[in-house]
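Residue numbers (the working numbering): 41 to 277.
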């Protein structure tokens, strides 16, 4: 048996849609894998009874299929589903790392991230890697088509987790398909500011970099009280 702890993550981070992600110390999923003739999934913890255990409907099961590594996969969910903290990514990332070790697959970090991202497609419809990359690599990550950049950011983050469920598919569905040049320029500036803040462990710059007017306003409409929570956070420093 191989056991892996896969952390929660926060991705997009305002200006870095589908690009930025950061790993959190907690909460986390714990993924156990054992070799088997065919893949089976068992889910306990948060979301048990809600998260599908049919292998091809579960991110971890899709990862097993991608790797050709059948196993009994037990997932103790610590990351609440539909919370915006990369719940499905934690399961996919944990399964990718655990199964690669179980089957002695010598995969690079980039290959692990790619496989885990295919698992994400099972729930979101798109193989995005902005959550699975920090879940596997830790720290602050920047995902590009030609590779992944990482810095070991050391910041204290406060996570506000309201009792609201927003699926990954729904959150991606409201993202605008077009943008004005003004919004693009603003977003690039915010992304650069946030990246500098992460590299320097500077929470002030990170906070400034979270401000953008392209993706966040559209997604904020899915979360009651979002604007009030942001204003309270700014007032608190």
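Just so it is clear, CB atoms sit at the ideal spot from N, CA and C, and this is done for glycine as well.
For residue 244, the enclosing alpha helix (DSSP H) stretches over residues 243-249. Cβ neighbours of residue 45 within its own chain (closer than 6 Å, five residues either side excluded): 68, 70.
Contact check between the segment 263-274 and the segment 91-100: fewer than three CB pairs, one atom from each, fall below 8 Å, which does not count as touching. The beta carbons of residue 72 and residue 41 sit closer together than 8 Å.
By DSSP's assignment, residue 51 forms a beta bridge with 61.
From the listed residues 101, 102, 84, the smallest Cα separation to residue 118 is found for 84. When the alpha-carbon of residue 108 is set against those of 125, 124, 139, 134, the nearest one is in 139. Within the segment 183-252, the beta strand (DSSP E) runs of at least 3 residues that lie entirely inside it are, in chain order, 187-191.
Scanning its chain for C-beta atoms nearer than 8 Å, with the 5 sequence neighbours on each side dropped, one finds around residue 193 the residues 62, 179, 180, 238, 239, 241, in chain order. Pairwise C-beta distances place the segment 136-151 out of contact with the segment 193-206, as fewer than three of them are shorter than 8 Å.
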